[in-house]
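Colleague: Sharing a structure with you now.
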Amino acid sequence: MAGELAGHAGDAANHGIDLIPIVALLAAAAIAVPIFKRLGLGSVLGYLAAGLLLGPSGIALIADPSSVLAASELGVVLFLFIIGLEMEPSKLWALRKQIFGLGVIQVGLCGALLTGVGILLGFAPVVAFVFGMGFVLTSTAIVMQILGERGELNSPSGQKMVSVLLLEDLAIVPLLGVVALLAPHEEISLTTRLISVGVAVGAIVLLIFLGRRIMNPFFGILSRAKVREVMTAGALLVVLGAGLLFQLSGLSMAMGAFMAGVLLSTSTFRHQLEADVEPFRGLLLGLFFLAVGMSLDLGIVGENWQIIALSVVAYMLVKAVAIYVIARVLKSDHAEALERAVLMGQGGEFAFVLYTTAVTAGIIDGPTNAIFTATVIVSMVLTPFAIIAMQKLMPKRVQPLDGVELADGLNGSVLMIGFGRFGQIASQSLLGKGHKVSIIDNDVEMIQAAQPFGFKIYYGDGTRLDVLHAAGAGNADLVLVCVNKKGDATKIAQLLRHEFPLVKVMVRSYDRGHAIELREIGVDFELRETFESALQFGAHAIRVMGADEIEIEEMIEGVRVRDRARFEAQVLGGVTAGTGLLLSNAEDQARESGIAPTVKLVAAEEKEERAN
Numbered sequence: 003m004a005g006e007l008a009g010h011a012g013d014a015a016n017h018g019i020d021l022i023p024i025v026a027l028l029a030a031a032a033i034a035v036p037i038f039k040r041l042g043l044g045s046v047l048g049y050l051a052a053g054l055l056l057g058p059s060g061i062a063l064i065a066d067p068s069s070v071l072a073a074s075e076l077g078v079v080l081f082l083f084i085i086g087l088e089m090e091p092s093k094l095w096a097l098r099k100q101i102f103g104l105g106v107i108q109v110g111l112c113g114a115l116l117t118g119v120g121i122l123l124g125f126a127p128v129v130a131f132v133f134g135m136g137f138v139l140t141s142t143a144i145v146m147q148i149l150g151e152r153g154e155l156n157s158p159s160g161q162k163m164v165s166v167l168l169l170e171d172l173a174i175v176p177l178l179g180v181v182a183l184l185a186p187h188e189e190i191s192l193t194t195r196l197i198s199v200g201v202a203v204g205a206i207v208l209l210i211f212l213g214r215r216i217m218n219p220f221f222g223i224l225s226r227a228k229v230r231e232v233m234t235a236g237a238l239l240v241v242l243g244a245g246l247l248f249q250l251s252g253l254s255m256a257m258g259a260f261m262a263g264v265l266l267s268t269s270t271f272r273h274q275l276e277a278d279v280e281p282f283r284g285l286l287l288g289l290f291f292l293a294v295g296m297s298l299d300l301g302i303v304g305e306n307w308q309i310i311a312l313s314v315v316a317y318m319l320v321k322a323v324a325i326y327v328i329a330r331v332l333k334s335d336h337a338e339a340l341e342r343a344v345l346m347g348q349g350g351e352f353a354f355v356l357y358t359t360a361v362t363a364g365i366i367d368g369p370t371n372a373i374f375t376a377t378v379i380v381s382m383v384l385t386p387f388a389i390i391a392m393q394k395l396m397p398k399r400v401q402p403l404d405g406v407e408l409a410d411g412l413n414g415s416v417l418m419i420g421f422g423r424f425g426q427i428a429s430q431s432l433l434g435k436g437h438k439v440s441i442i443d444n445d446v447e448m449i450q451a452a453q454p455f456g457f458k459i460y461y462g463d464g465t466r467l468d469v470l471h472a473a474g475a476g477n478a479d480l481v482l483v484c485v486n487k488k489g490d491a492t493k494i495a496q497l498l499r500h501e502f503p504l505v506k507v508m509v510r511s512y513d514r515g516h517a518i519e520l521r522e523i524g525v526d527f528e529l530r531e532t533f534e535s536a537l538q539f540g541a542h543a544i545r546v547m548g549a550d551e552i553e554i555e556e557m558i559e560g561v562r563v564r565d566r567a568r569f570e571a572q573v574l575g576g577v578t579a580g581t582g583l584l585l586s587n588a589e590d591q592a593r594e595s596g597i598a599p600t601v602k603l604v605a606a607e608e609k610e611e612r613a614n
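Every letter in the sequence shown is one number past the one before it in the working numbering, and letter 600, counting from 1, is 602.
Dropping the structure here:
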């Protein structure tokens, strides 16, 4: 079978592009991933299994997995760019203690312990150091993928793991330098080292300059062309260009892409960039997992199964225990600490880079590199199974407090997320019409306070995908997002649109900018939380000043019409568009100052048009 396929592939290659491997990769992913997800094993394991089938240890349709792995690492690069888009500089600054505190502690302690494990396994101290530090670098691709599927990237526990992953991505740079220093019979002058550091710093400064001064105007020019594929090409140019800049300067491509994402996180084109890059990210990240599966050489595993099995168990166990202890010492609860230990207990893709560099430097030989690489790959393959085991063995979460039930198996035709002041008022019309409304909130005190008034509120965090499923979002006709935190509302809207595209979604927006953001996400309806109350407040103000009810009604309707027109203009042209639709007191102030007005009020223009 494999021989026939190889023959067909050779014939196809002689006549043009060999499509058989491409079709096989796509087919394997399209078949294996849904099956594994249906079995509750997750998409990552599906990709790994499909890759193992297609690789040298399977039907050998793809004989050189390293070439696929090299190309597919762009998936990790694009993934970190998207993560960067969600990390505004202020948010990243808020995580500085977790990145350089928790991250440094975890990398340092785990590195020391795993180096000791390597020495106990019989490796020379320098070799044990390389083995251990490579295994310390957790798989960003696996952890991010699992957190993303569970909707926990922005949760407190998820943010801690993301912070550690960022520090580990940074750590690969000095680790590569240390490996170069450990290389036998090789002297590197101080001047060379200083030049390397200078080049790296220069690359960072250059990217910051480009991000702050060039990128936003660049995308503005592209957007005016009104050609979608041009924007897509521009997005890929920025991601890959930033990655290339960092790679040429001796830094990590992934870190370059992440930094570019952070610099564009406050851009008006942020969501369009994310939408343009996302399909490539998903495809290439899936290809990465396929390549990892293909790279697992069962022949090497069979020949060295004792040392590999012992290494996998020892390294994963020691690393997981260290992570758990660190988490507990730093005040995380048992469930969060255990979850972090299991999720981050494997080695990662940067280990391959470190081990390859160590081979080039003469620290380890080819067979040792194969053992180290197989150990990391097996640990990556075992991670989804470890997560499943943890979920089955861990007791179900206890209810937060007596009398408060967790959201589970809800089936209302309307799901309301958030029951603060806004949600309480919004619920009355629906309940008055007899609709079945399921309500969830993550404020225990509010839930308990609502009980004496006859409300049944379930405990649940709407920013988590598993909670949305348990709350019945997939079966609801309408979901109302009434939470009072802007970031939570945005995250929930994104999850709903991505996971439940057929459900109608209405969202309480924080301000005009947030409303534009929600419109770009694709919600069916949004309402600024202060808009209607401010209109009624203004209506009563002109009533006090002598306006009759007809004038009040006309004026309020005029404000609504102009606001709607301005909003549509801002969706297309940015926050400064439609400024002329605002009624301003500038003309009155100019007249009082004796300065001729240069801008005619919109109200006067409308009156003139009606007169004509």
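Glycine included, each C-beta is placed from N, C-alpha and C at the ideal position.
Since the model is a prediction, treat every value here as computed from it, not as a measurement.
Is it buried or exposed, asparagine 413, if we count other Cβ atoms within 10 angstroms and call 16 or more buried?
Modeller: Numbered from 1 along the sequence shown, position 411 holds the residue referred to as residue 413. Exposed.
Colleague: How should lysine 458 be labelled, buried or exposed, when 16 other C-beta atoms within 10 angstroms of its C-beta is the threshold for buried?
Modeller: As a working note, residue 458 is residue 456 in the sequence shown. Per the 10 Å Cβ criterion, exposed.
Colleague: So methionine 346 is in the alpha helix (DSSP H); what residue range does that whole segment cover?
Modeller: By 1-based counting over the sequence shown, the position of residue 346 is 344. No alpha helix (DSSP H) holds methionine 346; DSSP gives it neither H nor E.
Colleague: Taking glycine 288 as the reference, which of Ser254, Leu312, Val344, Leu71 has the closest Cα?
Modeller: As a position in the sequence shown, residue 288 is number 286, starting the count at 1. Among Ser254, Leu312, Val344, Leu71, the Cα nearest to that of glycine 288 is on Leu71.
Colleague: Just to confirm before moving on: does the CB-CB distance between isoleucine 615 and methionine 146 stay below 9 Å?
Modeller: Outside the displayed range of the chain (3 to 614) lies residue 615, so it cannot be described from this structure.
Colleague: Give the single residue among Leu196, Thr270, Gly243 whose Cα lies nearest to the Cα of methionine 257.
Modeller: Here the question's residue 257 lines up with position 255 in the sequence shown. Selected option, being the one with the closest Cα: Gly243.
Colleague: Per the contact definition of three or more C-beta pairs closer than 8 Å, is the stretch 375-387 in contact with the stretch 43-55?
Modeller: Touching, per the Cβ criterion.
Colleague: Just to confirm, are leucine 482 and valine 509 a CB contact at a threshold of 9 Å?
Modeller: In the sequence shown, residue 482 corresponds to position 480, counting from 1. In the sequence shown, residue 509 corresponds to position 507, counting from 1. Closer than 9 Å, so yes.
Colleague: Output the distance between the C-alpha atoms of valine 469 and glutamate 154, rounded to the nearest integer angstrom.
Modeller: In the sequence shown, counting from the first residue as 1, residue 469 sits at position 467. In the sequence shown, counting from the first residue as 1, residue 154 sits at position 152. Cα to Cα, valine 469 sits roughly 11 Å from glutamate 154.
Colleague: Does the contact criterion of 3 or more C-beta pairs under 8 Å hold for the stretch 301-313 versus the stretch 543-558?
Modeller: The stretch 301-313, when compared against the stretch 543-558, does not touch it at the 8 Å Cβ threshold.
Colleague: Taking only the alpha-carbon atoms, compute the straight-line gap between alanine 491 and cysteine 484 and give it to the nearest angstrom.
Modeller: On the sequence shown, position 489 is the one that residue 491 refers to. On the sequence shown, position 482 is the one that residue 484 refers to. Their backbone Cα atoms lie some 8 Å apart in a straight line.
Colleague: Once DSSP output is grouped into helix, strand and coil, what is the label at serine 251?
Modeller: Residue 251 sits at position 249 when you count from the first residue of the sequence shown. Of the three classes helix, strand and coil, the one that applies to serine 251 here is coil, per DSSP.
Colleague: Report yes if the C-beta distance between valine 561 and leucine 585 is below 9 Å; otherwise report no.
Modeller: Here residue 561 refers to the residue found at position 559 of the sequence shown. Here residue 585 refers to the residue found at position 583 of the sequence shown. Yes, the Cβ-Cβ distance between valine 561 and leucine 585 is below 9 Å.
Colleague: For threonine 268, is the classification buried or exposed, using 16 other Cβ atoms within 10 angstroms of its Cβ as the cut-off for buried?
Modeller: For the purposes of this step, residue 268 is taken as residue 266 along the sequence shown, with counting starting at 1. Classification of threonine 268: exposed, given that the 10 Å Cβ count is below 16.
Colleague: Can you list, in chain order, the residues of its chain with a C-beta nearer than 8 Å to that of glutamine 100? Leave out the 5 residues immediately preceding and following it.
Modeller: Walking along the sequence shown from the start, residue 100 turns up at place 98. Answer for glutamine 100: Gln161, Lys162, Ser165, Val166, listed in chain order.
Colleague: Using C-beta distances below 8 Å, list every residue in its chain close to asparagine 371, excluding the 5 sequence neighbours before and after it, in chain order.
Modeller: Residue mapping note: residue 371 aligns to position 369 of the sequence shown, counting from 1. Once the five neighbours on either side are set aside, the close Cβ partners of asparagine 371 are Tyr357, Thr358, Ala360, Val361.
Colleague: State the Cα-Cα distance for the pair arginine 214 and glycine 489, rounded to the nearest angstrom.
Modeller: Within the sequence shown, numbered from 1, the residue matching residue 214 stands at position 212. Within the sequence shown, numbered from 1, the residue matching residue 489 stands at position 487. Approximately 23 Å between the Cα atoms of the pair.
Colleague: Going by beta-carbon coordinates alone, are valine 109 and glycine 120 separated by less than 9 Å?
Modeller: In the sequence shown, the residue the question calls residue 109 occupies position 107. In the sequence shown, the residue the question calls residue 120 occupies position 118. No.
Colleague: Have a look at the DSSP bridge pairing and note the partners of arginine 510.
Modeller: Sequence index remark: in the sequence shown, residue 510 carries index 508 (1-based). Per DSSP, Leu529.
Colleague: Between Ala475, Gly436, Ser431, Leu432, which has its C-alpha nearest isoleucine 442's C-alpha?
Modeller: Along the sequence shown, one-based indexing puts residue 442 at 440. For isoleucine 442, the nearest C-alpha among the options comes from Ala475.
Colleague: Assuming leucine 467 is part of the alpha helix (DSSP H), what are its boundary residues?
Modeller: Locating residue 467 in the sequence shown gives position 465, counting from the first residue. Looking at the DSSP string, the run of the alpha helix (DSSP H) that includes leucine 467 is 467-472.
Colleague: Give the secondary structure of isoleucine 366 by DSSP, where H, G and I count as helix, E and B as strand, and everything else as coil.
Modeller: Taking the first residue of the sequence shown as 1, we reach residue 366 at position 364. DSSP places isoleucine 366 in coil when its eight states are reduced to three.
Colleague: Roughly how many whole angstroms lie between the Cα atoms of aspartate 526 and valine 294?
Modeller: One-based indexing of the sequence shown puts residue 526 at position 524. One-based indexing of the sequence shown puts residue 294 at position 292. Roughly 40 Å separates the two Cα atoms.
Colleague: What's the C-alpha gap between phenylalanine 248 and isoleucine 144?
Modeller: In the sequence shown, residue 248 corresponds to position 246, counting from 1. In the sequence shown, residue 144 corresponds to position 142, counting from 1. Taking the straight line from one Cα to the other gives about 23 Å.
Colleague: Three Cβ pairs or more, each shorter than 8 Å: is that satisfied between the stretch 109-118 and the stretch 130-144?
Modeller: Yes: the two stretches touch, three or more of their Cβ pairs being nearer than 8 Å.
Colleague: Do methionine 255 and glutamate 75 have their C-beta atoms within less than 9 Å of each other?
Modeller: Here the question's residue 255 lines up with position 253 in the sequence shown. Here the question's residue 75 lines up with position 73 in the sequence shown. For methionine 255 and glutamate 75, yes; Cβs fall inside 9 Å.
Colleague: Count the other CB atoms within 10 Å of the CB of aspartate 168; is the residue buried (16 or more) or exposed (fewer)?
Modeller: The residue you call residue 168 lines up with position 166 of the sequence shown. Residue identity check: residue 168 is leucine in the sequence provided, not aspartate. Leucine 168 comes out buried.
Colleague: In angstroms with no decimal places, state the Cα-to-Cα distance between leucine 21 and alanine 30.
Modeller: Along the sequence shown, one-based indexing puts residue 21 at 19. Along the sequence shown, one-based indexing puts residue 30 at 28. Roughly 14 Å separates the two Cα atoms.
Colleague: Taking one C-beta from the stretch 263-279 and one from the stretch 228-241 each time, how about it: are there three or more such pairs within less than 8 Å?
Modeller: Cβ pair count under 8 Å is three or more, so yes.
Colleague: Kindly list the residues whose CB is nearer than 8 Å to the CB of valine 201, restricted to its own chain and excluding five residues on each side of it in sequence; keep chain order.
Modeller: For this step, residue 201 is matched to residue 199 along the sequence shown. Excluding residues within five positions, the ones whose Cβ falls inside 8 Å are Ser251, Gly252.
Colleague: For isoleucine 518, I'd like the list of residues in its chain whose CB is within less than 8 Å of its CB, leaving aside the five on either flank, ordered along the chain.
Modeller: Mapped onto the sequence shown, residue 518 falls at position 516. If we look at isoleucine 518 and ignore the five residues flanking it on each side, its Cβ neighbours are Phe569, Gln572, Val573, Val577.
Colleague: Are the CB atoms of alanine 262 and leucine 209 within a distance shorter than 9 Å?
Modeller: As a working mapping, residue 209 is identified with position 207 in the sequence shown. As a working mapping, residue 262 is identified with position 260 in the sequence shown. Yes, the pair counts as a contact, with Cβ atoms nearer than the cut-off.
Colleague: Excluding the 5 residues flanking alanine 579 on each side, which residues of the same chain have their C-beta closer than 8 Å to its C-beta?
Modeller: Taking the first residue of the sequence shown as 1, we reach residue 579 at position 577. Excluding positions up to five away in sequence, the list reads Arg568, Ala571, Gln572.
Colleague: Quick check on alanine 337: buried or exposed, where buried means 16 or more other Cβ atoms within 10 Å of its Cβ?
Modeller: As a working note, residue 337 is residue 335 in the sequence shown. Result: exposed.
Colleague: Does DSSP classify aspartate 443 as helix, strand or coil?
Modeller: To locate residue 443, count along the sequence shown from 1; it is residue 441. Here aspartate 443 sits in strand by DSSP.
Colleague: If we call anything under 9 Å between Cβ atoms a contact, is phenylalanine 260 one with leucine 82?
Modeller: To locate residue 260, count along the sequence shown from 1; it is residue 258. To locate residue 82, count along the sequence shown from 1; it is residue 80. Contact: yes.
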